[in-house]
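Below is one structure, written out as structure tokens; the observations come after it.
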Amino acid sequence: MASPTIGVFALQGDVREHLHVLRALGARTLAVRRPEELEQCDGLVLPGGESTTMYKLARAFDLFDPLVERIAGGMPTFGTCAGMIMLADRIEDGIAGQETLGGLDITVRRNAFGRQVDSFEGPLQFDGFDAPVRGVFIRAPWVEEVGDDVEVLATIPSGQAAGRIVAVRQQHLMATSFHPEVGTDDRIHRYFVDLVSQS
Ligand code: GLN
Numbered sequence: 559m560a561s562p563t564i565g566v567f568a569l570q571g572d573v574r575e576h577l578h579v580l581r582a583l584g585a586r587t588l589a590v591r592r593p594e595e596l597e598q599c600d601g602l603v604l605p606g607g608e609s610t611t612m613y614k615l616a617r618a619f620d621l622f623d624p625l626v627e628r629i630a631g632g633m634p635t636f637g638t639c640a641g642m643i644m645l646a647d648r649i650e651d652g653i654a655g656q657e658t659l660g661g662l663d664i665t666v667r668r669n670a671f672g673r674q675v676d677s678f679e680g681p682l683q684f685d686g687f688d689a690p691v692r693g694v695f696i697r698a699p700w701v702e703e704v705g706d707d708v709e710v711l712a713t714i715p716s717g718q719a720a721g722r723i724v725a726v727r728q729q730h731l732m733a734t735s736f737h738p739e740v741g742t743d744d745r746i747h748r749y750f751v752d753l754v755s756q757s
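So the sequence shown is numbered by this note's numbering: it starts at 559 and just counts up by one.
If you want it as structure tokens, here you go:
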């Protein structure tokens, strides 16, 4: 695929930042609010924001079921933070009735790093990259448990949360607890654009 069309789920979350990085990498981009827009996408980003709001709005705008279908049907999808929660098959500390789109065989814990360390950043070794990435965490989830087919791409290197999983991939799906759309390092988006181009 020469220049894939990559959508960003745009009912809620930090949509603009993702659109900006994806465009700079040469992808055609689309803000996705309706099923017709989703149909045009070769790949999709689920941004950071608030997963409890995202699932409600996805329901309200009739985007929930089409998203589940496309994700299950093999559309490459990248979830960051709240987007990771949306892609997870199982959540801990969700609100009552909180639904996810699912697809990734992981259990995530919402707001896992606790109140005192709501937001923080630090270097992370990301699988396959020579130099570390800067992980920006904002009320982030971590991955509590992964299924057999899930590759772990990054973990917290030190401190109280040392060893916690913060980036994963399972075939056409990938997710990070942190926000790679913040800052100037585009390597993780490039990784995703390549994944879309190759599929
Ligand atoms: N805490 C948010 C949630 O549960 C995620 C935060 C984020 O995306 N920065 O959805």
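Ideal Cβ positions, reconstructed from N, Cα and C, are used throughout, including at glycine.
- Annotation for E608 indicates a beta carbon within 7 Å of some heavy atom of the ligand GLN.
- Distances taken from the Cβ of R668 to the heavy atoms of the ligand GLN include one shorter than 7 Å.
- Inter-segment contact for the stretch 691-698 and the stretch 728-740 is present: three or more beta-carbon pairs are separated by less than 8 Å.
- Uninterrupted beta strand (DSSP E) stretches at least 3 residues long and entirely within the stretch 617-669 occur at 635-638, 646-650 and 662-667, given in chain order.
- Not one heavy atom of the ligand GLN falls within 7 Å of the beta-carbon of I746.
- Sixteen is the threshold: when 16 or more other Cβ atoms of the shown chains lie within 10 Å of the Cβ of F567, as they do, the residue is buried.
- Inclusion of G641 and P605 in the CB contact set at 8 Å is warranted, their separation being smaller than that value.
- The criterion of a C-beta distance shorter than 8 Å is satisfied by R668 and E650.
- Non-local C-beta neighbours of I714 in its own chain, meaning closer than 7 Å and more than five positions away in sequence, comprise A720, G721, R722 and V724, ordered along the chain.
- In the three-state reduction of the DSSP assignment, R748 falls in the helix class, which pools H, G and I.
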